[in-house]
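Asker: Below: one structure in structure tokens.
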Amino acid sequence: LTGCLGSSLCDRPFLSHSSHTLALPTLPPHHMPPSPPTPSSHLPSPSTAYESNYITFHQCFIMPDEKDPPIAKADDDASDCAIDDSDDGDESYIEAQKSISDLKKRRASGRLSLCDLPFRWSPLILPLTESNVNSCVVLEEAAFPDPDHRTTREKFEYRLSTCSNICTGLFCSIVPSKAEGFPLPTLAVANVVETGRADEAKMVLLGHVVATLGNGPVVTDEDMAYPENWRGQKSSKDSSLGHKPMGRTVCLHSFAILPKLQNCGLGRLLMKAYLQQINESGIADRIALICQDWLVSYYQRFGFKCLGRSKTTFGGGGWNDMVIDLSGPPKKSTDALLTQDE
Numbered sequence: 001l002t003g004c005l006g007s008s009l010c011d012r013p014f015l016s017h018s019s020h021t022l023a024l025p026t027l028p029p030h031h032m033p034p035s036p037p038t039p040s041s042h043l044p045s046p047s048t049a050y051e052s053n054y055i056t057f058h059q060c061f062i063m064p065d066e067k068d069p070p071i072a073k074a075d076d077d078a079s080d081c082a083i084d085d086s087d088d089g090d091e092s093y094i095e096a097q098k099s100i101s102d103l104k105k106r107r108a109s110g111r112l113s114l115c116d117l118p119f120r121w122s123p124l125i126l127p128l129t130e131s132n133v134n135s136c137v138v139l140e141e142a143a144f145p146d147p148d149h150r151t152t153r154e155k156f157e158y159r160l161s162t163c164s165n166i167c168t169g170l171f172c173s174i175v176p177s178k179a180e181g182f183p184l185p186t187l188a189v190a191n192v193v194e195t196g197r198a199d200e201a202k203m204v205l206l207g208h209v210v211a212t213l214g215n216g217p218v219v220t221d222e223d224m225a226y227p228e229n230w231r232g233q234k235s236s237k238d239s240s241l242g243h244k245p246m247g248r249t250v251c252l253h254s255f256a257i258l259p260k261l262q263n264c265g266l267g268r269l270l271m272k273a274y275l276q277q278i279n280e281s282g283i284a285d286r287i288a289l290i291c292q293d294w295l296v297s298y299y300q301r302f303g304f305k306c307l308g309r310s311k312t313t314f315g316g317g318g319w320n321d322m323v324i325d326l327s328g329p330p331k332k333s334t335d336a337l338l339t340q341d342e
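Under the working numbering, think of the first position of the sequence shown as 1, with each following residue one higher.
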């Protein structure tokens, strides 16, 4: 969904009352590809909503162009989602990946390991900033076939300027010459990794989660809007529209994965990472989103509860309110607090 997780799952996160650890599919040693680099860096601290969180997705799969499922069909399980959920059914998929026979079947049917991509596969999860607006717009247009369900450029500018600390992107450093012929629409507008770098590598956006904070228990039309003169500090502060800095509900407005990289589990992993970060940051008590009927079960897999029909009219209406309560970061023991004081 663009501004909502409705037709394009633009607002989806993960995390239930219990803490979850990311689990990546593994294969027997003799079937493992060369170990990819495991970058180690740090995202903003929990006080700004995130912790260090670099994830390697080298054991996922993608479908070649001619085998890609249609992106938008309401009667398809993963339809009109700007994410991949064909492999996100449950944890049994991870176990299935351990089977060599299952791997052979997937390759025989045309699925390729991400290690076979023409460029080096080393994704990073990083906060989004205003410098990423162009990439978010291009990604949104590629992922959401229905223009009415896309987040607009103006909304991206507002959200990434006002509350970038709760907006996340899935990036990969890619050398343009290595990705020729591979459909990555965000490559053209990506920022360079380093000025003057010989290989002209770019930090390419592959997926994003964009949100604001709200005061209510569910997403409303007011949450999805933004103040007309938001660049003026006073007018923005006094407005009932858009981001509420002191709100305790994360309103997920846009969640998307590039079409070419859908159906390989990246959406599931990005959601888990995002929800885990939000939960551990303590910035909110819950995450809320709106989605259409055929996506209700998708979000329920991650612990969201359907509260019934949403009153929002975005994109013509017809949404459902989905909410997941967060347990918050683990509380420190008395001994730990005493040690910290010392």
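Where is the CB? At the ideal position from N, CA and C, for every residue including glycine.
Report the three-state DSSP secondary structure of M271 (helix, strand or coil).
Answerer: In the structure shown, M271 sits in a helix (DSSP, three-state: H, G or I).
Asker: Are there 16 or more other CB atoms within 10 angstroms of the CB of D75, so buried, or fewer, so exposed?
Answerer: Low confidence applies here, because D75 scores a pLDDT of 36, under 50, leaving its location unreliable and the question unanswered by this model.
Asker: Do the CB positions of I350 and G303 come within less than 7 Å of each other?
Answerer: The requested residue 350 is not part of the displayed model; the chain covers only 1 to 342.
Asker: Can you tell me which of the three DSSP states Y50 falls into?
Answerer: Since pLDDT at Y50 reaches only 38, below the 50 mark, its modelled position is unreliable, and no value is offered.
Asker: Which same chain residues, not among the five before or five after P176, have their C-beta less than 7 Å away from its C-beta?
Answerer: For P176, where only same-chain residues beyond five positions count, the Cβ hits under 7 Å are L187, E200, K202.
Asker: If we count the other Cβ atoms within 10 Å of its Cβ and call it buried at 16 or more, is V137 buried or exposed?
Answerer: V137 should be labelled buried.
Asker: Just curious, the alpha helix (DSSP H) that M224 is in, first and last residue?
Answerer: Run containing M224: 221-224, per the alpha helix (DSSP H) assignment.
Asker: Please classify M203: does DSSP put it in a helix, a strand, or coil?
Answerer: Three-state DSSP puts M203 in a strand.
Asker: Please state if the CB of H243 and the CB of T212 are separated by a distance shorter than 7 Å.
Answerer: Yes, the pair counts as a contact, with Cβ atoms nearer than the cut-off.
Asker: Where does G196 sit, in a helix, a strand or coil, going by DSSP?
Answerer: G196: coil per DSSP, three-state reduction.
Asker: So, for F182: in the same chain, excluding its five sequence neighbours on each side, which residues have a beta-carbon less than 8 Å away from its beta-carbon?
Answerer: Cβ neighbours of F182 beyond the five flanking positions: L117, P118, F119, K260.
Asker: Helix or strand or just coil, what does DSSP make of T162?
Answerer: Looking at T162 - three-state DSSP - the assignment turns out to be helix.
Asker: Inspect the beta-carbon positions of V210 and H253 and report whether they are closer than 7 Å.
Answerer: Yes. Within cutoff.
Asker: Between the beta-carbon of G315 and the beta-carbon of D148, is there less than 7 Å?
Answerer: In this structure, D148 lies closer than 7 Å to G315 by Cβ.
Asker: Report the rounded CA-to-CA distance for R159 versus L126, giving the unit in angstroms.
Answerer: C-alpha separation (whole angstroms): 16 Å.
Asker: Where does the unbroken beta strand (DSSP E) through A190 begin, and where does it stop?
Answerer: Careful: A190 lies outside any beta strand (DSSP E) and carries neither H nor E.
Asker: Would you please state the rounded distance, in angstroms, between the beta carbons of T249 and P217? I believe it to be under 8 Å.
Answerer: Indeed they touch by this definition, with Cβ atoms about 6 Å apart.
Asker: Measure the alpha-carbon distance for F255 versus G214 and round it to whole angstroms.
Answerer: Distance between the alpha carbons of F255 and G214 is about 17 Å.
Asker: Between the Cα of H208 and the Cα atoms of W319, L139, K272, which residue gives the shortest distance?
Answerer: H208 has its Cα closest to that of L139, out of W319, L139, K272.
Asker: Tell me, which residues are paired with C291 by DSSP?
Answerer: Beta-bridge pairing links C291 to N320.
Asker: Which of the three DSSP states is assigned to V218 in this structure?
Answerer: Note: V218 maps to coil in three-state DSSP.
Asker: Can you tell me whether DSSP reads K155 as helix, strand or coil?
Answerer: Helix, per DSSP.
Asker: Please name the residue in P330, R231, V133, L269 whose C-alpha comes closest to that of E280.
Answerer: Answer by Cα proximity: P330.
Asker: Rounded to the nearest angstrom, how far is the Cβ of I290 from that of N320, given a contact under 8 Å?
Answerer: At roughly 7 Å, the Cβ-Cβ gap stays under 8 Å, so I290 and N320 are in contact.
Asker: Which whole-angstrom value describes the C-beta separation of L269 and A143, a residue pair presumed to lie in contact below a C-beta threshold of 8 Å?
Answerer: Wrong, their Cβ atoms sit about 16 Å apart, outside the cutoff.
Asker: Would S173 and V193 qualify as a contact pair, given that the criterion is a beta-carbon distance under 7 Å?
Answerer: Against a cut-off of 7 Å, the Cβ pair of V193 and S173 comes out as a contact.
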